[in-house]
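Below: one structure, written as structure tokens.
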Amino acid sequence: MDQPPDTNTKGNVYVYKILLIGDGGVGKTNLRRRYMGEGFITEYLNTVGADFAYFSEKIGNNSYKWSIWDLAGQPKFSNVRPVFYAGAFGALVCFDPTNPDSFANLDKWIDELVRHTHTEGTPIVLVGTKMDIYNPEEGHMTFDAVDDYIAKIKKRFDNRFDVTFVKTSSITGENVPQAFHNLRDAIAKWIESESEE
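Final position of the sequence shown in the working numbering is 200; the numbers increase by one with none missing.
Structure follows, in structure tokens:
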């Protein structure tokens with residue numbers, strides 16, 4: 004890979020650019036804010052183009068430095084987004100299970116990711132957001148389709164890495180760190196497999 008870990012006596016330092024992609028309004032910005040300890044915004048504000056944040060965390064002896072790019076999901080920004088994909092190591096591909104259209108649009112987002120990162124192997128984690136308001140009795144989607152979708156994505160990427168699915172809530176914080184950590188682990192496996200080729 005073009006960005007191996009920096010080594011030092013205290014462990015490794017890993018620097019990753021990751022993306023948050025998905026339809027507008029699915030909760031990408033609040034997912035990032037919750038992970039970074041910035042709280043939850045109740046008023047919906049469109050991301051214009053992209054929003055950038057930098058976050059560091061230490062796990063064991065290793066340090067992880069995330070360059071997190073939250074890409075605007077509205078169609079009017081489709082001409083602006085491509086430049087922000089360059090150099091990405093992975094993506095959290097987000098959908099809102101209370102809005103089935105956002106799940107139906109996942110192919111569009113993964114196609115855009117592949118097209119602009121120029122690789123069929125960029126690690127992804129599917130993230131269902133807004134679990135705090137999810138209720139299948141209110142007509143929200145069921146998660147049976149997610150397993151089928153994951154199988155389809157794994158086949159598309161020749162099983163080069165695990166595609167995981169995490170149900171999150173940015174209000175309660177449920178599984179928010181897990182989504183980012185699943186992506187971290189998928190990136191590590193991807194880098195290892197690329198270096199073996």
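We put the CB at the ideal spot given by N, CA and C, even for glycine.
What you are looking at is a predicted structure, and each value in this text was computed from that prediction instead of being measured.
Check: Three or more C-beta pairs closer than 8 Å, one from the region 54–68 and one from the region 146–162: is that the case here?
Finding: no
Checklist line | Local conformation of D96 per DSSP, three classes | finding: A small fix is needed here, since residue 96 is Val in this sequence, not Asp. Residue state, collapsed to three classes: strand.
Margin query: Check whether the region 114–122 and the region 144–154 touch, using three or more Cβ-Cβ pairs below 8 Å as the test.
Written below: no
Note to self: By the three-class DSSP mapping on this structure, what secondary structure does E141 have?
What the structure shows: helix
Item checked: Cβ-based neighbour list, L186, same chain, cut-off 7 Å, excluding 5 preceding and 5 following -> I21, G93, L95, P126, V128
Notebook entry, point to check: Which residue comes first and which comes last in the alpha helix (DSSP H) that contains Y38?
Noted result: 31–38
Next item on the list: Compare the Cα-Cα distances from A189 to each of S172, T171, Y88, N162 and report the closest residue.
Entry: N162
Checklist line | Residue closest to K68, alpha-carbon to alpha-carbon, out of Y19, L23, V83 | finding: Y19
Check: Helix, strand or coil for I190 per DSSP?
Finding: helix
Check: DSSP state of K13, grouped into three classes?
Finding: coil
Item checked: Where S70 falls: helix, strand or coil (DSSP) -> strand
Checklist line | Contact belief for P100 with G131 at Cβ below 8 Å, rounded distance in angstroms | finding: 5 Å
Next item on the list: Take S172 and list the residues in its own chain whose beta-carbon comes closer than 8 Å to its own, dropping the five residues that flank it on each side.
Entry: T132, K133, M134, D135, N178, V179
Next item on the list: Give the DSSP-derived three-state secondary structure of V117 in the structure shown.
Entry: helix
Item checked: K13 versus G63 - alpha carbon distance -> 10 Å
Margin query: My output table needs one value for D5: the three-state DSSP class, helix, strand or coil.
Written below: With a pLDDT of 49 at D5, under the threshold of 50, the modelled position of that residue is not reliable, and the figure given next carries that caveat. Coil.
Check: So, are the CB atoms of A107 and L74 less than 9 Å apart?
Finding: no
Notebook entry, point to check: Using CA coordinates, which residue listed in V169, D114, E141, E140 is at the minimum distance from V149?
Noted result: V169
Item checked: Cβ shell of N11 (< 8 Å), same chain only, five flanking positions each side left out -> Only weak support exists for where N11 lies, its pLDDT of 47 falling under 50; the coordinates are left without a value.
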